[in-house]
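Numbering (this note's numbering), first residue to last: 73 to 167.
What follows is one structure encoded as structure tokens, with my remarks underneath.
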Amino acid sequence: MTSNERITILGTATAAPVISPDRIAEFPVRDAGTQREYLVRVPVDVLDLFVTPGTRVEVDGEAGWTVPGRPWLGESSRTLLQAASIRRSELALAA
Numbered sequence: 073m074t075s076n077e078r079i080t081i082l083g084t085a086t087a088a089p090v091i092s093p094d095r096i097a098e099f100p101v102r103d104a105g106t107q108r109e110y111l112v113r114v115p116v117d118v119l120d121l122f123v124t125p126g127t128r129v130e131v132d133g134e135a136g137w138t139v140p141g142r143p144w145l146g147e148s149s150r151t152l153l154q155a156a157s158i159r160r161s162e163l164a165l166a167a
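Have a look at this one:
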């Protein structure tokens, strides 16, 4: 049994969502602070914004299992993040 950790990440989507037959959208997000990659999972009905590669998002949810990467494809391991909310995020520019 694993214990899930409630986290919020701010990062960039590295691919567009893929939708499974059970209507779950999955897409990778690289956290801007730690550079860790998360595989964000969210029901399609909850995902209310258009996500493309390069979209900056803030994701709040529970981190759990780690999905092993495929090094022969240049893919790193990713932590599953079951999203409770996803918001578009903008860069804060310093003056």
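C-beta: ideal position from N, C-alpha, C; glycine also.
- Residue pairing by DSSP places Val123 opposite no residue, since no beta bridge is assigned to it.
- With three or more CB-CB distances shorter than 8 Å, the segment 104 to 117 counts as touching the segment 145 to 155.
- Taking a contact as a CB-CB distance under 8 Å, the pair Arg160 and Thr127 counts as one, their CB atoms being some 7 Å apart.
- Of the candidates Pro100, Val118, Arg142, Leu82, Leu82 places its Cα closest to the Cα of Thr106.
- Boundaries of the beta strand (DSSP E) harbouring Gly83: 77 to 85, taken from the DSSP string.
- Around the beta carbon of Val118, a 10 Å sphere encloses fewer than 16 other beta carbons of the protein chains shown; the residue is thus reported as exposed.
- Taking C-beta atoms under 8 Å as the contact rule, Phe99 and Val116 fail to qualify, at a distance of about 12 Å.
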